[in-house]
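Asker:
Numbering (the working numbering), first residue to last: 16 to 413.
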């Protein structure tokens, strides 16, 4: 039987709907403003101040230290070129908030590295989002008090894709790799979020969340990587509920985690929000041998749907007694390609391969089928299936 292949860019379960309306076409008169040594603007902030709506800010690779400011113009594309420029806050901040305070709307930032955001109240962010609609792609945010911190704006859509977030957090549990306020929609896909410093690898209060094909993990104690090892709390925290799709992710929690739960949903109260949670085709790995809950659900009347997930290691699948659990697989030590190297593709196992089921649709009629897989680092690949045959977990292994 011929495999059915679907483009990675054609996400069928609501992702494409989130993108519509978020991208704003640049006017025909848009200018490209070049930043760097020998260019028209010495620093990104000088170019932001001079820009007009629709402009492209092209930042040459290099290090820009102490270049902190607010971005007031709307409809800008800010892009690193000829490599990835590094924006180091270097002890400075804009308005006591962070490195770049994004006040304008419909801003896209692509291919930048940002580090060092810190303010006196310990809530500084590399990117502080205050406008409506924002996109970040292909970027690396690390060693800030917050990587991203957004305000509350029910009209706003935030899209974060193909990024790496590492070792953000002030160490107080209130600051995180990514912290999204009560915006309308969050799309978080093909990202690598790891080693949050006591906080969460992703925290979102958005009304509607699509969290798909990412890797959430942290280094083990003593290991080194692109950042120091962290000690995260939740891997994914959705404290106020809302419609949430968690599909096709690799979710791995280290022994040193500050919280035994890996995904937390609704624990701060849900109010009048919807409480539909879909946890489909993820691979969970808990390295703690004595405690753990893979999916913790509180204050949610709607039964969560947990379908085709692989749960590895010690732990309770979920505390929600009404949850719908279908064709999941749990084992203390399933065989992976290379667990020590974080390669969590399962080896041949009749209880995993072709053992899943078609997950159907959401209450709104959106397909729940996983059509992509996470590819390291911060990328995605098409997930090919053979007709109705589905493997359990985040990867197809046939």
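The C-beta atom is built at its ideal place from N, Cα and C for all residues, glycine as well.
Give, in chain order, every unbroken run of the beta strand (DSSP E) that is at least 3 residues long and sits entirely within the stretch 311 to 356.
Answerer: Listed in chain order, they are 320 to 322, 325 to 327, 331 to 333, 339 to 341, 344 to 346 and 351 to 353.
Asker: Could you check whether the stretch 243 to 263 touches the stretch 363 to 372, counting it as contact only if at least three pairs of C-beta atoms, one from each stretch, sit closer than 8 Å?
Answerer: No: fewer than three Cβ pairs fall under 8 Å.
Asker: Got a sec? Which residues, its chain only, sit under 8 Å from residue 132 by beta carbon, not counting five neighbours each side?
Answerer: Indexing the chain shown from 1 puts residue 132 at position 117. Counting only Cβ-Cβ distances below 8 Å, and skipping sequence neighbours, we find 104, 108, 113, 114, 139, 140, 141, 159, 160 and 161.
Asker: Which residue comes first and which comes last in the alpha helix (DSSP H) that contains residue 4?
Answerer: The structure shown does not extend to residue 4, since the chain is modelled only from 16 through 413, so no value can be given for it.
Asker: In angstroms, rounded to a whole number, what distance separates the CA positions of residue 97 and residue 243?
Answerer: Translated into positions along the chain shown, residue 97 becomes position 82. Translated into positions along the chain shown, residue 243 becomes position 228. If I take the Cα positions, the gap works out to 27 Å.
Asker: Grab the span of the beta strand (DSSP E) containing residue 361 for me, first residue to last.
Answerer: Position 346 of the chain shown, counting from 1, holds the residue named residue 361. 358 to 361 is the extent of the beta strand (DSSP E) around residue 361.
Asker: What are the boundary residues of the alpha helix (DSSP H) that includes residue 421?
Answerer: The chain is shown from 16 up to 413; residue 421 falls before or after that span and cannot be answered.
Asker: What does DSSP give as the partner residues of residue 268 in its beta bridges?
Answerer: Reading the chain shown from its first residue, position 253 is the one you call residue 268. For residue 268, which the question treats as bridged, DSSP gives the partners 301.
Asker: Just verifying my parser: in three-state terms, what is the DSSP assignment at residue 383?
Answerer: As a first step, residue 383 must be located in the chain shown, where it is residue number 368. In the structure shown, residue 383 sits in coil (DSSP, three-state: anything other than H, G, I, E or B).
Asker: Indicate the three-state DSSP secondary structure (helix, strand or coil) for residue 143 in the structure shown.
Answerer: In the chain shown, the residue the question calls residue 143 occupies position 128. DSSP places residue 143 in strand when its eight states are reduced to three.
Asker: Could you check what DSSP says for residue 228 in three-state terms: helix, strand or coil?
Answerer: Within the chain shown, the letter at position 213 stands for residue 228. Of the three classes helix, strand and coil, the one that applies to residue 228 here is coil, per DSSP.
Asker: Go through its chain and collect everything with a Cβ distance to residue 261's Cβ below 6 Å, but skip five positions before and after it.
Answerer: On the chain shown, position 246 is the one that residue 261 refers to. Same-chain partners within the cutoff: 226 and 294.
Asker: According to DSSP, which residues form a beta bridge with residue 397?
Answerer: Along the chain shown, one-based indexing puts residue 397 at 382. According to DSSP, which records beta bridges pairwise, residue 397 is partnered with 387.
Asker: Run through the DSSP bridge pairs and tell me what residue 215 is partnered with.
Answerer: For this step, residue 215 is matched to residue 200 along the chain shown. Beta-bridge pairing links residue 215 to no other residue.
Asker: Report the three-state DSSP secondary structure of residue 292 (helix, strand or coil).
Answerer: Mapped onto the chain shown, residue 292 falls at position 277. Here residue 292 sits in strand by DSSP.
Asker: Within 10 angstroms of its Cβ, does residue 339 collect 16 or more other Cβ (buried), or is it exposed?
Answerer: Along the chain shown, read from residue 1 onward, the residue named residue 339 stands at position 324. Exposed, because fewer than 16 other Cβ atoms sit within 10 Å of the Cβ of residue 339.
Asker: Taking the C-alpha atoms as reference points, what is the distance between residue 211 and residue 379?
Answerer: As a first step, residue 211 is located in the chain shown; it is residue number 196 there, counting from the start. As a first step, residue 379 is located in the chain shown; it is residue number 364 there, counting from the start. If you take the alpha carbons of residue 211 and residue 379, they lie about 33 Å apart.
Asker: What residue range is occupied by the uninterrupted beta strand (DSSP E) comprising residue 209?
Answerer: Position 194 of the chain shown holds residue 209. Its beta strand (DSSP E) spans residues 207 to 209.
Asker: Would you list the residues sitting across from residue 414 in a DSSP beta bridge?
Answerer: Within the shown structure, residues of the chain are numbered from 16 to 413, placing residue 414 beyond reach of any answer.
Asker: Quick one: grab the DSSP three-state call for residue 118.
Answerer: Taking the first residue of the chain shown as position 1, residue 118 is located at position 103. DSSP places residue 118 in coil when its eight states are reduced to three.
Asker: Report buried or exposed for residue 383, applying the criterion of at least 16 other Cβ atoms within 10 angstroms of its Cβ.
Answerer: As a working note, residue 383 is residue 368 in the chain shown. Looking at its Cβ environment, which holds 16 or more other Cβ atoms inside 10 Å, residue 383 is buried.
Asker: Determine contact between the stretch 81 to 101 and the stretch 58 to 72, defined as no fewer than three beta-carbon pairs at a distance below 8 Å.
Answerer: Yes, the stretch 81 to 101 touches the stretch 58 to 72.
Asker: Answer yes or no: do residue 415 and residue 328 have a C-beta to C-beta separation smaller than 9 Å?
Answerer: Any answer about residue 415 is impossible in this case: the structure gives the chain only from 16 up to 413.
Asker: Per DSSP, what are the beta-bridge partners of residue 54 in this structure?
Answerer: Position 39 of the chain shown, counting from 1, holds the residue named residue 54. Beta-bridge pairing links residue 54 to no other residue.
Asker: What would DSSP say about residue 71, mapped onto helix, strand or coil?
Answerer: Residue 71 sits at position 56 when you count from the first residue of the chain shown. Three-state DSSP puts residue 71 in a strand.
Asker: Using DSSP with H/G/I as helix, E/B as strand and the rest coil, what is residue 410?
Answerer: For the purposes of this step, residue 410 is identified with residue 395 of the chain shown, where counting begins at 1. Note: residue 410 maps to coil in three-state DSSP.
Asker: Taking 9 Å as the threshold (C-beta atoms), are residue 301 and residue 268 in contact?
Answerer: Numbered from 1 along the chain shown, position 253 holds the residue referred to as residue 268. Numbered from 1 along the chain shown, position 286 holds the residue referred to as residue 301. The answer is yes: Cβ separation under 9 Å.
Asker: Evaluate contact between the stretch 270 to 289 and the stretch 347 to 359, counting only Cβ atoms and requiring at least three cross-stretch pairs below 8 Å.
Answerer: Counting Cβ pairs under 8 Å, fewer than three are found: no touch.
Asker: Return helix, strand or coil for residue 191, following the three-state DSSP convention.
Answerer: Here residue 191 refers to the residue found at position 176 of the chain shown. The answer is coil: DSSP assigns residue 191 none of H, G, I, E or B.
Asker: Give every residue of the same chain whose Cβ lies closer than 8 Å to the Cβ of residue 394, excluding the five residues on either side of it in the sequence, and list them in chain order.
Answerer: Start at 1 with the first residue of the chain shown, and residue 394 comes out as number 379. Around residue 394: 177 and 205.
Asker: Roughly how many whole angstroms lie between the Cα atoms of residue 436 and residue 66?
Answerer: Not covered by the structure: residue 436. The range shown for the chain is 16 to 413.
Asker: Could you work out which residue in 170, 231 and 317 is closest to residue 196 when comparing CA atoms only?
Answerer: For the purposes of this step, residue 196 is taken as the residue at position 181 of the chain shown. Closest option to residue 196, Cα to Cα, is 170.
Asker: In the DSSP assignment, what are the bridge partners of residue 129?
Answerer: For the purposes of this step, residue 129 is identified with residue 114 of the chain shown, where counting begins at 1. DSSP output for residue 129 lists 102 and 156 as bridge partner(s).
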